[in-house]
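Let me begin by presenting the structure, written as structure tokens, before commenting on it.
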Amino acid sequence: MGKKNIDWANIGFGYQKTDKRYVSNYKNGAWDEGTLTSDDTITISECAGVLQYAQTVFEGLKAYTTEKGQIVIFRPDLNAERLESSASRLEMPVFPKERFIDAVVKTVEANEAYVPPYGSGATLYIRPYMFGSSPVIGVKPAQEYQFRVFTTPVGPYFKGGAKPITIKVSDFDRAAPHGTGHIKAGLNYAMSLHAIVTAHEEGFDENMYLDAATRTKVEETGGANFIFVTKDNKVVTPKSNSILPSITRRSLMTVAKDYLGLEVEEREVTLEEVKDFAECGLCGTAAVISPVGRINDHGKEINFPSGMEEMGPVTKKLYETLTGIQMGRIEAPEGWIKVIK
Ligand code: PLP
Ligand code: COI
194 MGKKNIDWAN
204 IGFGYQKTDK
214 RYVSNYKNGA
224 WDEGTLTSDD
234 TITISECAGV
244 LQYAQTVFEG
254 LKAYTTEKGQ
264 IVIFRPDLNA
274 ERLESSASRL
284 EMPVFPKERF
294 IDAVVKTVEA
304 NEAYVPPYGS
314 GATLYIRPYM
324 FGSSPVIGVK
334 PAQEYQFRVF
344 TTPVGPYFKG
354 GAKPITIKVS
364 DFDRAAPHGT
374 GHIKAGLNYA
384 MSLHAIVTAH
394 EEGFDENMYL
404 DAATRTKVEE
414 TGGANFIFVT
424 KDNKVVTPKS
434 NSILPSITRR
444 SLMTVAKDYL
454 GLEVEEREVT
464 LEEVKDFAEC
474 GLCGTAAVIS
484 PVGRINDHGK
494 EINFPSGMEE
504 MGPVTKKLYE
514 TLTGIQMGRI
524 EAPEGWIKVI
534 K
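Under our numbering, residue 534 is the last one in the sequence shown; the count climbs by one each step, no gaps.
Following this line, the structure appears as structure tokens:
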């Protein structure tokens, strides 16, 4: 199939309408069979649960063109499982795992012309989501829901791609100790908008959120988990019940251990010890691995030895191995890659 005439190397992380999207509706306790549609608009009640009480959850994954020209997706089973736990936490029905994967595959197939070519630096971002579509005015779950999947071609999440970024320690909290930080709910992102706009106005690329209870431990950013590298090459990632269980981070810990032979630790990380790490990076589907060169903690700067010009050496190896697996240059662990065609 011919590709769309898009300047793949120069697209940023933005929305671009593609040809088809998947839709399935939940009514009277059951999902309908689902279908692909060309209609990118949604008509719902003015009183829909999503509009009044933010009853919406989503996922994010990507389709890649491999070195051999296949189109593949990365660990969609984990996105399906995470959508399930997000939906359950917001009292929404579960969209079955097999159907989730099938919907993603169908949507990517239908938008094949938008899957960026191998080596272009771009990928096709896939956004599955679900929302309460029927009216609610008392605070309670909706009776009806819609599940959708759309795709959009994207470039790097942070301008400059692999160039290290500067982040600030935020004075805002992202998630309460027993709240919803561990699920992918729209509400977590709505409440981070003021914090990210403030950070950008102050010249920072992102926020580092701390644990809300003690404000001493590192949590995550608005859209990615942290990985740190110690001076003796150990890969450390914060453990917390109020951060999103990133699929990229879980995969990177396996890559570090099994492919690079590095020691890995998932544990609480204090803000106090961050200055002692050699490298810092943000990881996620959108962020891939974005190196952090500097953290500003209320005027006090932490400058990582890896500097502001390049990724640190361990971060780079992690990046190259993970993207090598995703693009088919390196053999993947069993079950990580689903070939679409
Ligand atoms: N943390 C937050 C808050 C996110 O929004 C994301 C993005 O999905 C991640 C972490 C990274 O998760 P994943 O690697 O599964 O994309
Ligand atoms: C993703 O990485 O898929 C996300 O959902 C993060 C978002 C901030 C774009």
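Even for Gly, the Cβ is constructed at its ideal location relative to N, Cα and C.
With fewer than 16 other Cβ atoms inside 10 Å of its own Cβ, Ala369 counts as exposed. Relative to the ligand COI, Thr478 has its C-beta within less than 7 angstroms of a heavy atom. Rounded to the nearest whole angstrom, the C-alpha separation of Glu337 and Gly415 is 29 angstroms. Per DSSP, reduced to three states, the secondary structure at Val287 is coil, with no helix or strand assignment. Of the residues Val298, Ile420 and Thr236, the one whose Cα lies closest to the Cα of Lys255 is Val298. Taking a C-beta distance under 8 angstroms as the contact criterion, Phe206 and Pro321 do not qualify as a contact pair. For Gly205, the Cβ stays outside the 7 angstroms cut-off from all heavy atoms of the ligand COI. Ranked by Cα distance from Ile319, the first of Ser444, Gln263, Lys210 and Trp529 is Lys210.
The shortest C-alpha to C-alpha distance from Glu413 to any of Val448, Ala392, Lys427 and Gly477 is the one to Gly477. Taking 7 angstroms as the cut-off, one finds no heavy atom of the ligand COI near enough to the beta carbon of Gly474. Judged by DSSP secondary structure, Asp364 falls outside any beta strand (DSSP E); it is assigned neither H nor E. Excluding five sequence positions before and after Gly325, the CB atoms of its chain that fall closer than 8 angstroms to its own CB belong to Ala241, Gly242, Val243, Tyr246, Gln248, Thr249, Met285, Pro334, Ala335, Glu337 and Tyr338, given in chain order.
Collapsing the DSSP output to three states places Ile358 in a strand.
Here DSSP, grouped into helix, strand and coil, assigns Gly348 to coil. For Glu399, the enclosing beta strand (DSSP E) starts and ends at Glu399 to Met401. The three-state secondary structure of Gly353, taken from DSSP, is coil. Boundaries for Leu437: no beta strand (DSSP E) harbours it, and the DSSP string shows neither H nor E there.
Scanning Gly517, Ser439 and Glu494 for the CA closest to the CA of Leu271 turns up Ser439. The beta carbon of Ser435 sits no closer than 7 angstroms to any heavy atom of the ligand PLP. With a threshold of 7 angstroms, the Cβ atom of Gly195 does not count as near the ligand COI, since no heavy atom of the ligand is closer than that. Glu458 sits in a strand when the DSSP states are folded into three classes. In this structure, the beta-carbon distance from Asp225 to Ser217 falls below 8 angstroms.
Set against 7 angstroms, the gap from the CB of Lys377 to the closest heavy atom of the ligand PLP is smaller.
Annotated as proximal: Val448 and Leu511, with beta-carbon spacing under 8 angstroms. The alpha-carbon of Ala303 is positioned some 46 angstroms away from that of Pro498. Per DSSP, the beta bridge partners of Lys220 are Ala223. Straight across, the Cα-Cα distance linking Arg408 with Asn418 is about 17 angstroms. Taking 8 angstroms as the cut-off, the Cβ atoms of Asp404 and Ser435 count as close.
Sixteen is the threshold: when 16 or more other Cβ atoms of the shown chains lie within 10 Å of the Cβ of Arg275, as they do, the residue is buried.
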